[in-house]
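What follows is one structure encoded as structure tokens, with my remarks underneath.
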Amino acid sequence: MEAERLGDLLAVVNAGLNATSATLLLAGFAFIRAGRIERHRACMLGALAASGLFLVFYLVRYSLTGTHEFAGEGPARTVYLGVLFSHMFLAVLIVPLVGRLVFLALKERFDEHRRLARWTYPMWLYVSLTGLTVYVLLYHVYGYR
Numbered sequence: 010m011e012a013e014r015l016g017d018l019l020a021v022v023n024a025g026l027n028a029t030s031a032t033l034l035l036a037g038f039a040f041i042r043a044g045r046i047e048r049h050r051a052c053m054l055g056a057l058a059a060s061g062l063f064l065v066f067y068l069v070r071y072s073l074t075g076t077h078e079f080a081g082e083g084p085a086r087t088v089y090l091g092v093l094f095s096h097m098f099l100a101v102l103i104v105p106l107v108g109r110l111v112f113l114a115l116k117e118r119f120d121e122h123r124r125l126a127r128w129t130y131p132m133w134l135y136v137s138l139t140g141l142t143v144y145v146l147l148y149h150v151y152g153y154r
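So the sequence shown is numbered by the numbering used here: it starts at 10 and just counts up by one.
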């Protein structure tokens, strides 16, 4: 399979991983609000796994095809770049925060875990959802060059 086709296939896989992560994050939040700690833990570990796989496959896709220039112009380009840059910034920011959340949970330091999660959870969910948005805009709505 040629690199460009494999890269496009990996983009679809990554969109699925972002959707999976977002779904598990939402479910995990609902479970912890309902006091269902084991289900919360399972969902959050699943979201972590989906996000980790996303990162691996993203790096493979990037190594195969490099960057793609967004084909949209005018206001669409401005919106796309705003979403992309906020996505990238928060994606880098959440990596150590999620690592810290896992550490705090493993150490059963749940008060600290809860305080940090109040900031990290919305950022992680935003990154997953904007990852999907970038995929749809780049691969299905406007395309790339």
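Each residue gets a CB set at the ideal place from its N, CA and C atoms; glycine is no exception.
Point to revise | Candidates Ser60, Leu18, Val21 and Leu19, of which the one nearest Leu34 by Cα | key: What you label residue 34 is simply residue 25 of the sequence shown in a count that begins at 1. The option with the nearest alpha carbon to Leu34 is Ser60.
**Study point:** Inter-residue spacing [alpha-carbon to alpha-carbon] between Glu82 and Leu90
**Key:** The sequence position of residue 82 within the sequence shown is 73, counting from 1. The sequence position of residue 90 within the sequence shown is 81, counting from 1. Roughly 11 Å between the two C-alpha positions.
Review point. Relative to the alpha-carbon of Ser30, which residue among His122, Arg14, Arg42 and Leu64 has its alpha-carbon at the smallest distance?
Key: For the purposes of this step, residue 30 is taken as residue 21 along the sequence shown, with counting starting at 1. The candidate whose alpha carbon is nearest that of Ser30 is Leu64.
Check your understanding: Cα separation between Val92 and Leu141?
Key -> Working through the sequence shown from its first residue, we reach residue 92 at position 83. Working through the sequence shown from its first residue, we reach residue 141 at position 132. If I take the Cα positions, the gap works out to 11 Å.
Check your understanding: Would you say His77 and Leu147 are within 8 Å of each other, going by their C-beta atoms?
Key -> As a working note, residue 77 is residue 68 in the sequence shown. As a working note, residue 147 is residue 138 in the sequence shown. Closer than 8 Å, so yes.
Point to revise | Between the CA atoms of Val143 and Phe94 - distance to the nearest angstrom | key: Reading the sequence shown from its first residue, position 85 is the one you call residue 94. Reading the sequence shown from its first residue, position 134 is the one you call residue 143. Across the structure, Phe94 and Val143 are spaced so that their CA atoms are roughly 10 Å apart.
Check your understanding: Any chance the stretch 67-75 sits against the stretch 97-104, with 3 or more Cβ pairs inside 8 Å?
Key -> no
Check your understanding: Under a Cβ-count criterion, where at least 16 other Cβ atoms within 10 Å of its own Cβ denotes burial, should Ile103 be classed as buried or exposed?
Key -> In the sequence shown, residue 103 corresponds to position 94, counting from 1. Classification for Ile103: buried.
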